[in-house]
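Mature numbering (1 follows the signal peptide of the UniProt record, and there is no 0) puts the sequence shown at residues -23 to -1, 1 to 102.
Structure, as structure tokens:
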Amino acid sequence: MGRPVDVLGFVLVFCLSLHGIQGADVWTIEGDSPILPCGITYGPEVNLFWTLQPENIIILLKRPDGTVEVLEKQWEGRVEFLDGKRLRIRNVSRQDDSSAVQGEYRCSQGSRAGERSHLHVRRMY
């Protein structure tokens, strides 16, 4: 009887990983304030994180009581939640570009992970 549960768990993890493979390319210019999609249904009973992968640097945290905390000093005053889960980054620079940070932005809550966002910042001419 335990075997179907194991298979079901594997299928669930596999489907979640396939969903995680999808990503959003967000194009913007220096100085703009792009909004990154999250792609999960927000449940207010669990912490919601925005991280920079693959280093798993936590940028922004929303606690069940509604408080929001910026955990990396370099992001203070520059990031905020929109609609409870999407991430707005103010005054982006080339240093915020996914290729510069060698990673991607991602929201997660508990075992659920949203789509990966690749931020592309162009120079303003």
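Glycine included, C-beta positions come from ideal geometry on N, C-alpha and C.
Mind checking whether residue i and residue j have CB atoms under 8 angstroms apart?
i, j, result
"THR5", "VAL69", "yes"
"LEU64", "LEU48", "no"
"ASP73", "VAL56", "no"
"TYR82", "LEU59", "no"
"GLY80", "GLU32", "yes"
"ARG100", "GLU7", "yes"
"GLU92", "GLY20", "no"
Exposed or buried, which one is residue i when buried takes at least 16 other CB atoms within 10 Å?
i, result
"GLY87", "exposed"
"ALA90", "buried"
"GLU22", "exposed"
"ARG94", "Sequence check: residue 94 is Ser here, not Arg. By the neighbour-count rule (16 or more Cβ atoms within 10 Å), SER94 is buried."
"GLY54", "exposed"
"TYR102", "exposed"
From what residue to what residue does the beta strand (DSSP E) around residue i run?
i, result
"VAL23", "VAL23 -> no beta strand (DSSP E), and no H or E assigned at all."
"GLY(-1)", "-1 to 6"
Give the single residue among the options whose Cα lies nearest to the Cα of residue i.
i, options, result
"THR18", "CYS84, SER75, SER94", "CYS84"
"PRO11", "ARG71, TYR102, GLN79", "ARG71"
"ARG78", "PRO14, ARG40, GLN30", "Note that residue 78 is Val in the sequence shown here, rather than Arg. Residue GLN30 is the option with its Cα nearest to VAL78."
"GLN51", "GLY43, ILE35, SER76", "ILE35"
"ASN24", "ASP42, ALA1, ASP9", "ASP42"
| query | For the segment 27 to 100, which segments carrying the alpha helix (DSSP H) assignment without a break, of at least 4 residues, lie completely within its bounds, in sequence order? | reply | 75 to 78
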